[in-house]
Structure formats: C-alpha cells, structure tokens
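Student: Protein chains in written order, with our numbering: chain Y, 1 to 226; chain P, 1 to 226.
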DNA sequence: GACGCGTGTTCACAATTTGTTCACATTTGT
DNA sequence: ACAAATGTGAACAAATTGTGAACACGCGTC
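(1) Which residues does DSSP list as the beta-bridge partners of residue 31 of chain P?
(2) Measuring CB to CB, does residue 151 of chain P end up less than 8 Å from residue 180 of chain P?
(3) Which residues in the same chain as residue 113 of chain Y place their Cβ atom closer than 6 Å to its Cβ, once the five residues preceding and following it in sequence are excluded?
(4) Kindly indicate if chain Y contains any beta-carbon less than 8 Å away from that of residue 210 of chain P.
(5) Identify each residue in the region 134-146 of chain P for which the Cβ-Cβ distance to at least one residue of chain Y is less than 9 Å, and report them in chain order.
(6) If you run the structure through DSSP and keep just helix, strand and coil, what is residue 13 of chain P?
(7) What are the boundary residues of the beta strand (DSSP E) that residue 77 of chain Y is part of?
(8) Got a sec: which bits of the region 167-185 of chain P sit with their beta carbon under 7 Å from any beta carbon on chain Y, in order along the chain?
(9) Can you list, in chain order, the residues of its chain with a C-beta nearer than 6 Å to that of residue 138 of chain Y? Leave out the 5 residues immediately preceding and following it.
(10) Quick check on residue 116 of chain P - is its C-beta less than 8 Å from some C-beta in chain Y?
(11) Could you tell me which uninterrupted alpha helix (DSSP H) segments, each at least 4 residues in length, are contained entirely in the region 182-213 of chain P, listed from first to last along the chain?
(12) When we look at the beta-carbon of residue 75 of chain P and count the other beta-carbons within 10 Å, is it buried (16 or more) or exposed?
(13) Please report the straight-line C-alpha distance between residue 60 of chain Y and residue 52 of chain Y, rounded to a whole angstrom.
(14) Is there a C-beta anywhere in chain P that falls below 8 Å from the one on residue 111 of chain Y?
(15) In terms of residues, what are the limits of the alpha helix (DSSP H) holding residue 70 of chain Y?
(16) Going by CA-CA distance only, name the one from P:206, P:199 and P:143 that's closest to residue 214 of chain P.
(17) State whether the region 64-73 of chain P contacts the region 20-31 of chain P, with contact taken as three or more CB pairs (one from each stretch) at a distance under 8 Å.
(18) Taking just the CA atoms, how far does residue 204 of chain Y sit from residue 171 of chain P?
(19) Secondary structure at residue 122 of chain P, three-state DSSP: helix, strand or coil?
(20) Alpha carbon to alpha carbon, what distance is there between residue 38 of chain P and residue 68 of chain P?
(21) Beta carbon of residue 221 of chain P, beta carbon of residue 119 of chain Y: below 8 Å?
(22) How far does the beta strand (DSSP E) with residue 159 of chain P in it reach, from first residue to last?
(23) State yes or no: is the C-beta of residue 5 of chain Y within less than 8 Å of the C-beta of residue 49 of chain Y?
(24) Anything in chain P within Cβ reach of residue 25 of chain Y, meaning under 7 Å, just list it in chain order.
(25) Please check if any C-beta of chain Y sits within less than 8 Å of the C-beta of residue 122 of chain P.
(26) Thinking residue 116 of chain Y and residue 109 of chain Y are a contact (beta carbons under 8 Å), I'd like their distance in whole angstroms, please.
(27) Is the beta carbon of residue 33 of chain Y sitting closer than 8 Å to the one on residue 15 of chain Y?
(28) Short check: CB of residue 47 of chain Y to CB of residue 10 of chain Y, under 8 Å?
(29) Provide the residue(s) that pair with residue 139 of chain Y in DSSP beta bridges, ordered along the chain.
(30) Report buried or exposed for residue 88 of chain Y, applying the criterion of at least 16 other Cβ atoms within 10 angstroms of its Cβ.
(31) Just the C-alpha distance for residue 97 of chain Y and residue 30 of chain Y, rounded to the nearest angstrom, thanks.
(32) Do residue 132 of chain Y and residue 210 of chain Y have their C-beta atoms closer together than 8 Å?
(33) Take the Cβ of residue 42 of chain Y as the centre, count every other Cβ of all protein chains shown within 10 Å, and call the residue buried at 16 or more, exposed below.
(34) Please state if the CB of residue 207 of chain Y and the CB of residue 134 of chain Y are separated by a distance shorter than 8 Å.
(35) Taking just the CA atoms, how far does residue 111 of chain Y sit from residue 142 of chain P?
(36) Measuring only between beta-carbons, confirm whether residue 5 of chain Y sits less than 8 Å from chain P.
This is the structure in structure tokens:
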C-alpha cells in the first residue's frame, strides 16, 4: 500500500512531471488542475500528502489550503513559481508545511516530500499516570519516585500502570490478567500475586500516601490515602 | 524550523539587542563574543546567517570571515562601528555579503537580513537532531560525534534519527518499522535488532550522556541521561 | 551483461532476562 | 481452630534479545 499524493497544479506539464517523479519513487498519485477539483479529490482520494500550486483557477492555493486544514492536518507542500512573492507567514498561518519553488529538480522535491512526511508523524504526548511522588510513564516505560528512576520489568510496570489508572478501584485477578496480560492468557491467576509482591518489594516504604493493597477474596487495588 | 543566526560581537549590549530583534522576528540565535568562539560555534550551530563584528578579541572579523568562507558560503553581514573605515573591497574579496553600520535600527537590520537571505537563495535548512556531542543530519545523511563524521549506511542513520527525534521514548519494533522502513514493509521485526546492534557498534562508548537502550518486551529507545 | 561492492535482510544459535509455577509459610475470616 | 486465601522464596520454563555469518539485492563499473 503505497503512500498517496495529491498533485494540484494547473500547468499540465508540471503536473505530469511531478506525477512521473513521484510514481517512480513509489508513491501513488492523483492529479487535478484546479482548486475545486482539488477539494473533491481530497475527500475521495484521501492522500497522505498534497502538492499544491498557489496560482489556480477557481479557488486559489491558499484557499484550498485553508479548506483542507479544516478537514485534516495532512501535510501540504506549496508550489510557487520563481519570482512569485511568497508570503511565508500567510502560508504558516494557513498550515502549509513547506514550499518548493518551480522549477525544481526531482531529488530536491523528493527530499522535501520525505521530510514533510517524516515531520508530520510527530508521535503524541507521553502517557503518564501520577500520584503523589510516584509516576509511571507507559510511553517511556519509566517509573519514578521522587524523580528517581525505579527499574522494573515491563510486566510489572504495566501492572502498576493499570492499577494506578483507576486508583482505589479493586481489581480481581482475572480483570488484571485480562487488562494487563491480555484476554488470551491461559495461565494461573496466582501469577498476579507474584508480580504484586515484586512491585511491593520495589515500592515499599517510598511513600505514606499510597500503597498496593490486598482486597481479600477479590484482588488488589492501588490505594490513594488522602 | 526557524532560521538560525549566529551573532558575533564583543559588545554584550549590542549582542543582546541583536538577539532580541532577531528572535522577535522568529529567528533562532546564538551569541558569541570573540573570533575563536565564532568559529567553533559556527561548526556546531550551523547557522543560516552570520552577523559578524569586525573588531573582535582573538581573531578579528575579517579573519573569521575568511575562515568561514573556507567551510561554507553562508551569508555573512559585517557589523561596523560608525566612523570605522570600511574597506569594502577587502570585504568583497573575503566574501562578506553586506555591511551594517552601528548603531542600527531594528527595521533596517531585519530588512538587510531578509535581503541577504533572499539573495543567497536561502538554501533551506537541514533537518538535524542533536543531543550532547551527537548530531544526525537527515538532509545530508551525515552523523557526527564531536564534529567527527561517523560513517554509516542510510538505514542505520534513519533509524538513529527516528529514535533521537523522540528521545527517551520507547518504540516498539513495529513502530520503528513503520516510521523508518515504511508501512509497507513486510519483513521480520528482528531486522530492527540487527540495525540496532550495528548502531551500537559504531556509537558505543562515544558518550556517557546518551545511549541506545533496550526496553524489554517493548523495543528500543534513545536514552538521554540528564 | 558480468562483476564487485556496499547495504539490507534473514537465519541459527547463544546469552540473557523475564515470566510462571510450585511448595510451603503466613494471614484472614468464620 | 480450620479452611481458604494470600505472601514468599526458589526453581524452572519461556520469551526476548544479542550476535556472527550467510544470503539477497541494487547499483555502478568495466
């Protein structure tokens, strides 16, 4: 499944050239020649990247850019003719990601395309649960107490994260197995106990304000003490 | 992705003022106060423009200009005190691009900066990730440690770049395959391991402040040690 | 087209870490 | 006190990663 690129340029030669370059580089392309067509094609084709000329019939590039931005944060590279005054501020406000001046060579263009695609997949924020002096970062797989790293195996960390994500809630062993180990775990429920013990060994006495509590005949819970 | 400007002036007030103006205008700046510092900063900071005072401790502006010209054709604007005799011929020979007489006002300065960048066809900035003594330039496909080139194949470089672009984040092998190899990679996830090993072989022991860490049952991450 | 060369990928096996189970001790509730 | 549930340490099993070498592939050269 190749990455799809929508090419919007009223100059048919440039359009063709772009198509050639990109398809040779393994991208899937669709070409349109005016602003209105760009918008309808955008909805249908769902490109991962848009190459957008500024000077267009119907609706100009800026407006197309703005419309697309209302729908999606797909990367957009604006195409400008040499000599055309490029108002980069305006482009920035409208959400363009890069500019390429015509005429361009294939190498530079492809480099820009790759760069923009790379830049856009900015991974999201870390997922962290905290309470008091304890924080568990499931994105980095780091546990900290008072900003000191507490080393632990992934499963323990996941278990702690799971408990902390619903503080004070009592989880049965089966719930924990389902939530942390996955539905398909076939083993002994006592496995949970061992992991709990190891967590306790690591976290024991590090705070007065929380602990991992046993709930008899039920399971365990992460207790927050007011 | 701001344009980087290196400011070289021994007068701390002027330096500060320039920094203020430029950063307000969206440039990224670095300030140094003598010629020697200018040259080392130039290598590390890789500015898109240099503002260079002529009267400097250590190495004077002309010589700094000449040294920089041996390395790069980055635009250089010379700063001269009013009344200072400006040997424009000499400047021309050395490759300076413009002169600004102190004191200057912000508007004029910014106009000159923009003009010079435009004239130089402002080659778009490289995309670089750095940490401590390590930098990876994905535009040039160059990796440096302490400004020394570390040769490595493109895939390894891309992998390193990807890891470094989110330091400390644990990536699963699948995430790395998607991000570096592309969604359409059909091969074995263990491929990542081999590239990691080769990276480690190359980077091993080059710094105490970072390394590539295994996150068990998860994947790998580029660890920055505070 | 044949040939090397540098890369990228896969594979097999070793090394390591983690996950699980077990047996027995201890605690809890009735 | 008794049965059931949980705590605990150690042994064991399984999964994961490290590693060297072989293989495959594209690319430019001859």
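By construction, the Cβ of each residue, glycine as well, lies at the ideal position given by its N, Cα and C atoms.
Tutor: So, from the data block:
(1) P:7
(2) no
(3) none
(4) no
(5) 138 and 139
(6) helix
(7) 76-81
(8) 168, 169, 170, 179, 183 and 184
(9) 127 and 161
(10) no
(11) 190-203
(12) buried
(13) 9 Å
(14) yes
(15) 61-71
(16) P:199
(17) no
(18) 30 Å
(19) Residue placement at residue 122 of chain P is flagged as unreliable, the pLDDT there being 46, under the threshold of 50; a coordinate-derived value is accordingly withheld.
(20) 9 Å
(21) no
(22) Element bounds for residue 159 of chain P: not the beta strand (DSSP E) but the alpha helix (DSSP H), 154-165.
(23) yes
(24) Result: empty, since nearest Cβ-Cβ is about 12 Å, beyond 7 Å.
(25) Residue placement at residue 122 of chain P is flagged as unreliable, the pLDDT there being 46, under the threshold of 50; the coordinate-derived value follows with that caveat. With 8 Å as the cut-off, residue 122 of chain P does not count as an interface residue toward chain Y.
(26) Actually they are not in contact, since the Cβ atoms of residue 116 of chain Y and residue 109 of chain Y sit about 11 Å apart, beyond 8 Å.
(27) yes
(28) no
(29) For residue 139 of chain Y, which the question treats as bridged, DSSP gives no partner whatsoever.
(30) Only weak support exists for where residue 88 of chain Y lies, its pLDDT of 49 falling under 50; the value from the coordinates is given anyway. Classification of residue 88 of chain Y: exposed, given that the 10 Å Cβ count is below 16.
(31) 20 Å
(32) yes
(33) buried
(34) yes
(35) 15 Å
(36) no
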